[in-house]
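Data first, discussion second: the structure below is written as C-alpha cells.
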Amino acid sequence: MATRARGRARPGPTVSRTAILVALLVALGPASALAGAPQERVRQTLDAVSAVLNDPQLQGSAKERDRREHVGKVIRDSFDFRAMARESLGSQWAGLTAEQHDEFVGLFGQLFERSYNRLVLRFLGDSTTTYGTESIEKEGAVVRTTLVRKNTDELPVDYRLIAEGGLWKMSDVAVDGVSLDGNFRAQFDKTIRTASYDELAKRIRTKLAEEQ
Numbered sequence: 002m003a004t005r006a007r008g009r010a011r012p013g014p015t016v017s018r019t020a021i022l023v024a025l026l027v028a029l030g031p032a033s034a035l036a037g038a039p040q041e042r043v044r045q046t047l048d049a050v051s052a053v054l055n056d057p058q059l060q061g062s063a064k065e066r067d068r069r070e071h072v073g074k075v076i077r078d079s080f081d082f083r084a085m086a087r088e089s090l091g092s093q094w095a096g097l098t099a100e101q102h103d104e105f106v107g108l109f110g111q112l113f114e115r116s117y118n119r120l121v122l123r124f125l126g127d128s129t130t131t132y133g134t135e136s137i138e139k140e141g142a143v144v145r146t147t148l149v150r151k152n153t154d155e156l157p158v159d160y161r162l163i164a165e166g167g168l169w170k171m172s173d174v175a176v177d178g179v180s181l182d183g184n185f186r187a188q189f190d191k192t193i194r195t196a197s198y199d200e201l202a203k204r205i206r207t208k209l210a211e212e213q
C-alpha cells in the first residue's frame, strides 16, 4: 500500500528544521545521507526541499535567491550529474576531452536543476507526495511517486537511481512518463550531429543566461 509524506512542514522552529534536513543530506556526508533503500533516499531529498519551500524565513521574492541556493545544494547532493551528463550525450561523450567533460557536467547540472524545479519541485510546498512501488534491478532502482496537489491534480513522477559503492544517487526523473535525461539526449544529439559540441555548449549557456 502506498504511503504518504506531507509536503508542508509542521509549525515550529522551521529555520532550524530546514537546516537540519539540509545538513543531513549535504553536510554530514555520504555515510549518513545516502545509505538505505532507494525510496528512503528519494523521501529524504523531497522532505528537505519541502522544508526549504515552507520555511517562513525564506518566503517572498526577496528570498528567492536564498531558496534557490538551499534547494540547489540538496539537488546537487542527491543526483549524480556526471553520470546523467554522460548518459545524455550517449556516444558523443567519448569524443570529448576531460576538460569538456567537466565543462558539460556543470552546464548539464544547471540545466537539469532548472527543468526539475519548473516541472516538479516548485509544487512540493503545497502538495502531498504519495510513494508507490520500488523496483530494484541489476542496473539500479526505480522509485515511483505521485505528486498530489490541492486541486486533486495528480502528477506521476518516477525516479531512477544508481548505486555506487553501496550508496544510492538519483540518475533520472520521468515526469508523467517522460524522461528528462532522455529528452535532453534527443536534443543534444541533434545539435552535435548538425553542428558541434561547442555549439551545444554555447546554446546551453545562452539558455541559462536568458532564464536568470
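So this note's numbering is basically just the index in the sequence shown, starting at one, shifted up by 1. Every residue, glycine too, gets a C-beta built ideally from N, C-alpha and C.
Cβ neighbours of residue i in the same chain (closer than 7 Å, five flanking residues each side left out)
i: residue 136; result: 142 and 143
i: residue 111; result: 209
i: residue 124; result: 148 and 150
i: residue 116; result: 181
i: residue 185; result: 89
Distance CB(residue i)-CB(residue j) smaller than 8 Å
i: residue 174; j: residue 181; result: yes
i: residue 158; j: residue 176; result: yes
i: residue 170; j: residue 81; result: yes
i: residue 52; j: residue 163; result: no
i: residue 132; j: residue 44; result: yes
i: residue 91; j: residue 199; result: no
i: residue 66; j: residue 59; result: no
Per-residue burial, residue i [other beta carbons within 10 Å of its own, 16 or more giving buried]
i: residue 40; result: buried
i: residue 79; result: buried
i: residue 95; result: exposed
i: residue 207; result: exposed
i: residue 194; result: exposed
i: residue 197; result: exposed
i: residue 179; result: exposed
For residue i, the three-state DSSP class (helix, strand or coil)
i: residue 98; result: coil
i: residue 183; result: helix
i: residue 149; result: strand
i: residue 212; result: coil
i: residue 49; result: helix
i: residue 121; result: coil
i: residue 140; result: coil
i: residue 128; result: strand
i: residue 78; result: helix
Own chain partners of residue i with C-beta closer than 6 Å, once the 5 adjacent residues on each side are dropped
i: residue 72; result: 50 and 53
i: residue 32; result: Unreliable positioning characterises residue 32 in this predicted model, as indicated by a pLDDT of 37, which lies under 50. A coordinate reading is not provided.
Cutoff 8 Å; reference residue i; Cβ partners in own chain excluding five residues on either side
i: residue 140; result: 163
i: residue 172; result: 80, 81, 84, 85, 88, 141, 161, 162, 163 and 182
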